[in-house]
Amino acid sequence: MREGLQTAMRQNADRARTRLPADLRRPSSRRAAPAGGRDATTKALGLASPHIVTAGLAGVLSVVSTPNLLAGVPLSLTLIVVVQVLGVLLGREVEQPRWSQVWMLVLVTTVLLLPWLALQGAASRLPFVAWARDSAGTLLWTTAGAIVALSVVVTVTAGVSARQPEQASLLFLPAALLVPAIMGAPGQLDERSTLTTLAEVFAIASVIAFAGWLLPLGARPLVAPAGLALQFVVLWLLGYGPAFAQGRGGVVPAMASLVLIVTVAAAVLVPLAALTARRMLWSTGDTIRPS
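Per the numbering used here, residue 29 is the first one in the sequence shown, and the count goes up by one each step.
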């Protein structure tokens with residue numbers, strides 16, 4: 029009889045063990061679904077935070093008078109760059125490579141692309157720039173510099189996105205938005221105007237990036253082209269087309285159109301550049317791991 033009782037107790041225990049997970053599985057899955065949505069939203073917000081920080085800092089510094097450092101370098105832009113460098117280093121320190129990559133592209137856009145676009149925009153606003161007057165030299169070399177800077181940003185984007193090419197468009201987004209914004213900035217491109225434009229661009233980029241990081245992987249390559257198209261529409265509705273001086277020649281709108289064409293091409297092709305970089309890693313035998 030004792031053996032019969034022990035056998036019955038073991039059978040009851042086995043049935044309880046097999047029933048318990050099945051009973052708990054359904055409510056636990058219902059509780060886990062909202063947590064997954066919250067995690068995705070939190071992650072997207074974190075990846076958009078470099079744009080938010082840059083927009084806020086540029087907005088504050090645009091209304092605060094700051095001196096220039098040596099060689100006429102504005103202290104305001106220096107502070108923004110320092111914060112961005114710290115963001116890159118912090119992302120590496122806490123082992124968040126994708127967050128560090130976002131900071132890196134924000135940094136490259138600010139350090140490299142912004143100055144050349146500002147120079148090109150300032151040259152476009154000079155009066156009486158034309159081939160016939162032999163006064164288009166500055167415009168030509170600043171346009172060339174802006175195109176080279178765009179090419180470097182595309183190269184950096186492709187390099188850091190090689191392990192996950194779908195994110196290349198999201199990383200390139202601020203650079204794509206910055207080009208038409210600088211061209212359409214009203215008035216002269218002084219320090220305050222440049223900072224205001226930078227703040228507006230990164231504020232818009234933060235919203236688009238937040239939504240973009242929530243998209244499926246297959247839709248993310250469309251973020252930069254869609255954001256750029258939206259930027260064109262908004263600037264057109266606000267009446268902020270490319271700003272040119274009176275008395276200018278045809279070379280001025282021609283150079284502006286060239287930069288815009290290169291920007292559109294870069295926004296469309298940067299995922300393909302990242303995919304090419306991925307294949308180059310494959311050819312070298314590197315193991316691809318998503319970052």
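For every residue, glycine included, the Cβ atom is placed at its ideal position computed from N, Cα and C.
Given residue i as reference, the closest of the options once Cα atoms are compared
i, options, result
"residue 201", "211, 220, 162 and 133", "133"
"residue 216", "155, 291 and 302", "155"
"residue 249", "272, 207, 236 and 229", "236"
"residue 194", "135, 247, 173 and 178", "247"
"residue 255", "233, 244 and 119", "233"
"residue 296", "265, 93, 186 and 227", "186"
"residue 281", "70, 74, 167 and 82", "167"
"residue 226", "109, 115, 305 and 269", "109"
"residue 111", "126, 85, 220 and 183", "85"
"residue 101", "261, 184 and 139", "139"
"residue 257", "301, 245, 204 and 267", "204"
"residue 148", "171, 142, 160 and 164", "171"
"residue 299", "259, 279, 260 and 245", "245"
"residue 143", "174, 158, 253 and 124", "174"
"residue 206", "243, 260 and 283", "260"
"residue 183", "214, 213, 141 and 212", "141"
"residue 76", "95, 129, 94 and 93", "129"
"residue 125", "191, 268 and 267", "191"
"residue 83", "229, 264 and 268", "229"
"residue 93", "262, 312, 309 and 218", "218"
"residue 279", "165, 95 and 69", "165"
"residue 267", "151, 283, 303 and 214", "214"
Cα-Cα separation between residue i and residue j, rounded to whole angstroms
i, j, result
"residue 88", "residue 103", "13 Å"
"residue 181", "residue 289", "16 Å"
"residue 189", "residue 196", "5 Å"
"residue 91", "residue 107", "14 Å"
"residue 231", "residue 78", "10 Å"
"residue 222", "residue 210", "8 Å"
"residue 153", "residue 67", "47 Å"
"residue 293", "residue 287", "10 Å"
"residue 176", "residue 301", "16 Å"
"residue 119", "residue 240", "20 Å"
"residue 81", "residue 74", "11 Å"
"residue 113", "residue 71", "21 Å"
"residue 253", "residue 272", "25 Å"
"residue 116", "residue 274", "43 Å"
"residue 224", "residue 136", "18 Å"
"residue 277", "residue 163", "10 Å"
"residue 238", "residue 310", "30 Å"
"residue 312", "residue 251", "30 Å"
Host alpha helix (DSSP H) of residue i (start-end)
i, result
"residue 143", "142-152"
"residue 306", "279-311"
"residue 221", "219-241"
"residue 264", "251-266"
"residue 184", "165-188"
"residue 202", "196-212"
Three-state class that DSSP yields for residue i in the structure shown
i, result
"residue 125", "helix"
"residue 102", "strand"
"residue 49", "Residue placement at residue 49 cannot be trusted, given a pLDDT of 44 that sits under 50; the coordinates are not used to answer."
"residue 56", "The predicted position of residue 56 is uncertain, since its pLDDT is 42 and thus under 50; a value taken from the coordinates is nonetheless stated next. Residue 56 falls in the helix class under three-state DSSP."
Buried or exposed by the 16-neighbour rule on C-beta atoms within 10 Å, applied to residue i
i, result
"residue 199", "buried"
"residue 131", "buried"
"residue 285", "exposed"
"residue 145", "buried"
"residue 127", "buried"
"residue 169", "exposed"
"residue 270", "buried"
"residue 160", "exposed"
"residue 122", "exposed"
"residue 212", "buried"
"residue 208", "buried"
"residue 307", "exposed"
"residue 291", "buried"
"residue 178", "buried"
"residue 105", "buried"
Contact test: residue i Cβ vs the ligand NAP heavy atom, cutoff 7 Å
i, result
"residue 215", "As far as ligands go, the structure on display features none, and thus does not contain the ligand NAP."
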